[in-house]
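According to the numbering used here, the stretch in the sequence shown is residues 274 to 653, in order. The C-beta atom is built at its ideal place from N, Cα and C for all residues, glycine as well. Encoded as structure tokens, the structure appears first; notes follow it.
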Amino acid sequence: MTDALIAKFRAIHARAPEIIARAPGRIEFIGNHTDYNGGSVLGAAIDRSAWVGLARRSDGRRRFASDTHSDVVEPQAGAFDRLTGSHSWVNYPLGILVAMRDSGLKIPAGFDYLAVSNVPLGAGLSSSAAIELSSCMAFLEAAGETISREALVALGKRAENEFVGVPCGILDQGVSGFGRKDHLVYIDCRGPRFKTVPLPAGPSFWVFNTHSKHALVDGLYAARHSECMEAARVIGVPLLVDASPAMLAAAEGRLSRPAYKRARHVIDEIARVEQAVEALGAGDLAAVGKLLFASHRSSRTWFENTSPELDFLVDSLESEKGVYGARLTGGGFGGAAMALASDAFGEKGAGRIADAYLEKFGARPDVLHARAEDGASLVT
Ligand code: ADP
Ligand code: MG
């Protein structure tokens with residue numbers, strides 16, 4: 274991919290990039306809607322990445338190009354206004370520059386920029402975090418700045434939350450930043466604190482993107498968020514991470530039914546993340562897989578953020594040989610499901626799942642096979 278980036282950079286900018294940085298997409302492994310409740314989550318950086326090439330300019334011009342758009346975007350020198358329409362993708366790198374500047378870091382004044390990526394866009398694999406962190410690594414290098422991984426991740430999240438305007442949690446940037454080959458990334462979202470957990474050798478990930486999304490998904494997210502906060506308030510804790518199953522049971526009579534159901538999911542899900550870390554430590558993939566299925570069932574029963582498409586995928590995956598576990602991945606209400614599977618599943622198994630899905634829903638899901646890869650890094 275680096276060679277393709279350099280060739281494309283030459284074609285667009287008529288010279289070679291001085292700096293190349295890479296950052297991966299990610300999978301939410303387990304820990305569904307736990308982040309804003311102060312809980313923990315496990316994710317994996319995947320072997321799909323965005324690469325950013327950069328060459329400094331002394332004339333202050335900033336020329337942004339990407340593999341997804343044919344035109345070069347050049348915001349006015351020194352301007353940091355949000356862009357709209359077909360130029361809005363530039364808000365990701367521009368937002369990084371603004372976040373760097375507002376954090377007191379030096380930023381490069383002028384440059385030629387190119388992003389290329391093989392993380393599918395809008396497929397729940399966070400192509401946005403990949404663009405943010407690869408851009409950030411390149412800009413930091415160009416400005417001669419060195420910062421911690423925690424700070425890098427925070428800059429990416431800040432750019433997305435404040436400049437792009439997407440209220441994502443810490444998972445996307447945290448995993449893209451802290452990813453490690455053959456490891457999962459564990460995030461204690463309240464810190465946030467990050468660590469890596471070895472993944473036993475053998476299994477890999479399969480992601481099935483349904484391309485279906487509930488039309489009212491933003492409103493549903495907001496409703497779930499406020500039900501969780503309501504539950505914490507009634508139970509008498511700052512966030513649901515501070516509540517035990519016993520505290521929830523004691524408060525059941527005082528909670529609205531939706532608040533009880535959401536809290537039930539979140540409190541159990543946080544416990545499942547911790548159990549998954551333990552099971553991974555013991556190399557017990559069967560136990561890890563059971564937790565994945567339990568997570569999905571909890572989403573279906575208590576958080577009510579699955580869909581007929583996701584339920585069908587997970588149910589079908591449950592009867593496949595070689596599949597340890599499967600669940601929805603990401604926010605839910607449509608989107609993608611993922612499975613942890615041995616080679617006994619493989620392309621054949623994935624094909625069977627896609628065929629059955631096609632028969633039932635009249636369209637094929639996108640299928641992506643991935644392994645856990647290293648997080649954001651400077652290539653040259
Ligand atoms: P996801 O992060 O789940 O893939 P998002 O909607 O958060 O979906 O981010 C997708 C957006 O990120 C795209 O619409 C685009 O603006 C930006 N993006 C991702 N990859 C690229 C790329 N290769 N070139 C330009 N913009 C990109
Ligand atoms: Mg995103």
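Just checking, does the region 546–554 make contact with the region 322–336 on the three C-beta pairs under 8 Å criterion?
no
What is the DSSP secondary structure of HIS487, reduced to helix, strand or coil?
Taking the first residue of the sequence shown as position 1, residue 487 is located at position 214. In the structure shown, HIS487 sits in coil (DSSP, three-state: anything other than H, G, I, E or B).
Are the region 634–651 and the region 398–417 touching, with three or more C-beta to C-beta distances below 8 Å?
yes
Given 6 Å as the limit, tell me if ALA411 has its C-beta closer than that to any heavy atom belonging to ligand 3.
Looking for ligand 3 in the displayed structure turns up nothing; the ligands present are ligand 1 and ligand 2.
Helix, strand or coil, according to DSSP, for ALA495 in the structure here?
Position 222 of the sequence shown, counting from 1, holds the residue named residue 495. Three-state result, ALA495: helix.
6 Å CB neighbourhood of GLU503 in its chain, flanking five on each side removed:
In the sequence shown, counting from the first residue as 1, residue 503 sits at position 230. Here the set comprises ALA532.
With H, G and I counted as helix, E and B as strand and the rest as coil, what does DSSP make of ASP344?
Here residue 344 refers to the residue found at position 71 of the sequence shown. Looking at ASP344 - three-state DSSP - the assignment turns out to be strand.
Cutoff 8 Å; reference THR419; Cβ partners in own chain excluding five residues on either side:
Locating residue 419 in the sequence shown gives position 146, where the first residue counts as 1. Taken in chain order, the residues that qualify are LEU413.
Taking the CB atoms as reference points, tell me whether GLU405 and ILE369 lie closer together than 7 Å.
Within the sequence shown, the letter at position 132 stands for residue 405. Within the sequence shown, the letter at position 96 stands for residue 369. Closer than 7 Å, so yes.
Tell me, please, whether the region 350–357 touches the region 487–496 by the rule of three or more beta-carbon pairs shorter than 8 Å.
no
Out of THR483, ASN482 and ALA536, which has the shortest C-alpha to C-alpha gap to ARG506?
Here residue 506 is taken as the residue at index 233 of the sequence shown, counted from 1. ARG506 has its Cα closest to that of ALA536, out of THR483, ASN482 and ALA536.
Indicate the three-state DSSP secondary structure (helix, strand or coil) for THR469 in the structure shown.
Position 196 of the sequence shown holds residue 469. Three-state DSSP puts THR469 in a strand.
Residues near PHE337 in its chain [Cβ-Cβ closer than 6 Å; skip 5 each side]
As a working mapping, residue 337 is identified with position 64 in the sequence shown. The answer, listed in chain order, is VAL346, VAL363 and TYR386.
Which residues neighbour ligand 1 when neighbourhood means a C-beta less than 5 Å away from any of its non-hydrogen atoms? List them by chain order.
SER339, THR341, TRP362, ALA388, SER390, LEU394, GLY395, SER399, SER400, SER401 and ILE404
Among the residues of its own chain, which have a CB less than 6 Å from the CB of LEU641, if the five just before and after it don't count?
Here residue 641 refers to the residue found at position 368 when the sequence shown is read from its first residue. The residues are VAL480.
Could you work out which residue in GLU301, ALA617 and TRP575 is closest to LEU590 when comparing CA atoms only?
Along the sequence shown, read from residue 1 onward, the residue named residue 590 stands at position 317. Answer by Cα proximity: ALA617.
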